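In terms of our numbering, the first sequence is residues 373 to 901.
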Amino acid sequence: MERRVRVRFAPSPTGALHIGGVRTALYNYLFARQHGGDMLLRIEDTDSTRFVPGAEEYILEALDWLGIGIDEGLRLKKGTKEIEAVGAHGPYRQSERREIYHQYVKQLLDSGHAYIAFDTPAELEAKRTEIPNFQYDARTRMQMRNSLTMSQEEVDALIAKGEQYVVRFKVEPDEDVHVHDLIRGEVVINSNILDDKVLYKSADDLPTYHLANIVDDHLMEVSHVIRGEEWLPSAPLHVLLYRAFGWQDTMPEFAHLPLLLKPDGNGKLSKRDGDRLGFPVFPLEFHNQKDGSVSSGYRESGYLPEAVINFLALLGWHGSGDQEMYTMDELIKYFSLDRVSKSGAKFDYEKGKWFNHQYLQLRSNEELAEMFLPTLKEQGIECPDMAMVAKVIGLTKDRVNFVPELWEQTNFFFVAPTEYDEKSLKKRWKEDSPKHMQELIALLETVSEEEWHSCREEKNENSETVIRWHLDDVVMPWIAEKEYGVGIVMNAFRICLVGAARGPHIWNITDVLGKEETLKRVREALSRI
RNA sequence: GGUGCUAUCGUCUAGUGGCCUAGGACAACGGCCUCUCACGCCGUAAACCCCGGUUCGAGUCCGGGUAGCACUACCA
Numbered sequence: 373m374e375r376r377v378r379v380r381f382a383p384s385p386t387g388a389l390h391i392g393g394v395r396t397a398l399y400n401y402l403f404a405r406q407h408g409g410d411m412l413l414r415i416e417d418t419d420s421t422r423f424v425p426g427a428e429e430y431i432l433e434a435l436d437w438l439g440i441g442i443d444e445g446l447r448l449k450k451g452t453k454e455i456e457a458v459g460a461h462g463p464y465r466q467s468e469r470r471e472i473y474h475q476y477v478k479q480l481l482d483s484g485h486a487y488i489a490f491d492t493p494a495e496l497e498a499k500r501t502e503i504p505n506f507q508y509d510a511r512t513r514m515q516m517r518n519s520l521t522m523s524q525e526e527v528d529a530l531i532a533k534g535e536q537y538v539v540r541f542k543v544e545p546d547e548d549v550h551v552h553d554l555i556r557g558e559v560v561i562n563s564n565i566l567d568d569k570v571l572y573k574s575a576d577d578l579p580t581y582h583l584a585n586i587v588d589d590h591l592m593e594v595s596h597v598i599r600g601e602e603w604l605p606s607a608p609l610h611v612l613l614y615r616a617f618g619w620q621d622t623m624p625e626f627a628h629l630p631l632l633l634k635p636d637g638n639g640k641l642s643k644r645d646g647d648r649l650g651f652p653v654f655p656l657e658f659h660n661q662k663d664g665s666v667s668s669g670y671r672e673s674g675y676l677p678e679a680v681i682n683f684l685a686l687l688g689w690h691g692s693g694d695q696e697m698y699t700m701d702e703l704i705k706y707f708s709l710d711r712v713s714k715s716g717a718k719f720d721y722e723k724g725k726w727f728n729h730q731y732l733q734l735r736s737n738e739e740l741a742e743m744f745l746p747t748l749k750e751q752g753i754e755c756p757d758m759a760m761v762a763k764v765i766g767l768t769k770d771r772v773n774f775v776p777e778l779w780e781q782t783n784f785f786f787v788a789p790t791e792y793d794e795k796s797l798k799k800r801w802k803e804d805s806p807k808h809m810q811e812l813i814a815l816l817e818t819v820s821e822e823e824w825h826s827c828r829e830e831k832n833e834n835s836e837t838v839i840r841w842h843l844d845d846v847v848m849p850w851i852a853e854k855e856y857g858v859g860i861v862m863n864a865f866r867i868c869l870v871g872a873a874r875g876p877h878i879w880n881i882t883d884v885l886g887k888e889e890t891l892k893r894v895r896e897a898l899s900r901i
């Protein structure tokens, strides 16, 4: 009997969504789509003290930006920033499922799989300092203040008195618990090392992750749990919980993903690594209302969502061949859990840049022009000629990784140089350069406005099509006749127009600037250098 | 400390016993192209953690070491 594939991404609203979480969401999404199943989104907000306002909206917006679609649970209403809940297994916020958890806590209590404990955090802390490696389990639970060591009357009295308590899972000792993992195979852990995990706390009337997670996955008919490797050690506990509830026959399959590691050294990638090494660790910029911090995001740094997706997909997964570029549809087609690596992947930010470069080239000049607008505005360029913007982007996009970098490559198209790069001057501005420029001005004056912009296609010796500008036909013979050096004249000319020895082919620059502006810049340079 | 997971170029990885003198990509380096800076193209350097075993044959299977990481909360 094949079960319908239903997977879930279940983040906690404790801040911005970490890039590792994004990858987990992506793999879940790819798996669901490939199997024609459902991708659910559930919010695990069982820790009321760690809730950060705006985090939920942030998570949904990030997934939406990346094109990771949600079929069921919480999502953004199409084209808006409004949150909607869809599906018949709601509510999808654990904080709204209190009543549901109550009955399951009761079930475990009634069946003897759980018990009530009154030990205060302070008492537990004292125990831990008193006994090294203290663990609340079969060996120690009979020395603690719980319903196993008290009479029913005492327990009832304490609860009636309003004493805070927790419900703990009663782990039976000396049992090898088997967890089947789709990525790692069989993992066996002895129940002796498991502690009697807290399942429910009366203080905020909320279950802990472990209980809520199992109950919800069961009720929501989740077929596969795809999550980070940090959950592997608690997987046996989860197996035990499924069993305690009598749900072992519909227990989901597990797949524990390798961790995303910091680029240098070892260890889990953290927000601090991003700050330290200068790259975003979050999909979107996040303004944390709780602590006032601001975290940079991939989107605001100029990343294209398809580049982030492709980059992340390959951090821990690889197809069978040498293909590096994958569209979302291709990822859905080729993704498979048995091609996910077992070992952690160091976060290679440089490769991320390369992916963005690749995807940037694939976008049209017009699209990029739109995306470039905010940067232009920042530079004081309001309402530019969009056709011209697209044109200069076409000339320069192959040399940038990010849209904002386009400004460094195109600024001289928008503003005449106000200073001239010293290094370029030293290398390219010769004694004769003023004379050359004077003569060049005179020569260019003779070119008509129409001829100025004209060009034709030609075949070169390799029979490739190249563009031949009319101005080339005017200037080159003059240089040859005067026996000037092509490089000397052209570089001086370039410095006049650009302010430095850089930029696209010179006739592309003169074409965009036009005759009047070009000549103006040369005269200006002559008076200033 | 305990338990678990993992181990191929600097990095992401291909490799599922002979196709491996270990392939691709990023980064690095060199060259070509060229009026400049880039892009691009071509090329170079660069790895099977160690020790045993199984086998005619091991990067690939097994065992043991070692190392790294994760977990070890009334956090998820």
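Glycine included, every Cβ here is placed at the ideal spot set by N, Cα and C. Owing to the predicted nature of the structure, the values given are computational and were not obtained by experimental measurement.
For residue 814, count the other beta carbons within 10 Å of its own beta carbon; 16 or more makes it buried, fewer makes it exposed. Which is it?
exposed
Best match in 792, 444, 883 and 800 for proximity to residue 839 [C-alpha to C-alpha]
883
Are the CB atoms of residue 548 and residue 560 within a distance shorter than 7 angstroms?
yes
Is it right to say residue 505 is buried, meaning 16 or more other beta carbons lie within 10 angstroms of its own, or is it exposed?
exposed
The alpha helix (DSSP H) spanning residue 603 covers which residue range?
Note, residue 603: premise wrong, no alpha helix (DSSP H); not H, not E.
Could you spell out the range, first to last residue, of the alpha helix (DSSP H) harbouring residue 868?
858 to 870
Give the straight-line distance between the Cα atoms of residue 837 and residue 652, rounded to the nearest whole angstrom.
42 angstroms
Any idea what DSSP makes of residue 726, helix, strand or coil?
helix
Within 10 Å of its beta-carbon, does residue 897 have 16 or more other beta-carbons around it, so buried, or fewer, so exposed?
buried
To the nearest angstrom, how far is it from the Cα of residue 771 to the Cα of residue 737?
14 angstroms
Within 10 angstroms of the Cβ of residue 595, are there 16 or more other Cβ atoms? Answer buried if so, exposed if not.
buried
Does the distance from the CB of residue 864 to the CB of residue 805 come in under 7 angstroms?
yes
Between which two residues does the alpha helix (DSSP H) carrying residue 848 extend?
842 to 854
Beta-bridge partners of residue 827, as assigned by DSSP:
841
Reduced DSSP secondary structure (H/G/I, E/B, other) of residue 493:
helix
Beta-carbon proximity check, residue 434 vs residue 756, cutoff 7 angstroms
no
Going by DSSP, name the residue or residues bridged to residue 402.
For residue 402, which the question treats as bridged, DSSP gives no partner whatsoever.
Would you mind working out which of 782, 758 and 760 sits nearest residue 769, comparing C-alpha positions?
782
Tell me whether residue 659 sits in a helix, a strand or coil according to DSSP, three-state version.
strand
Per-residue DSSP class, three states only, for residue 469:
coil
Does the segment 674 to 686 come close enough to the segment 716 to 729 to have 3 or more Cβ pairs within less than 8 angstroms?
yes
Hey, how far is the Cα of residue 481 from the Cα of residue 425?
34 angstroms
Please classify residue 637: is it buried, with 16 or more other beta-carbons within 10 angstroms of its beta-carbon, or exposed?
exposed
Going residue by residue through the segment 379 to 464, where are the continuous alpha helix (DSSP H) segments of at least 4 residues, counting only ones entirely within it?
391 to 406 and 427 to 438
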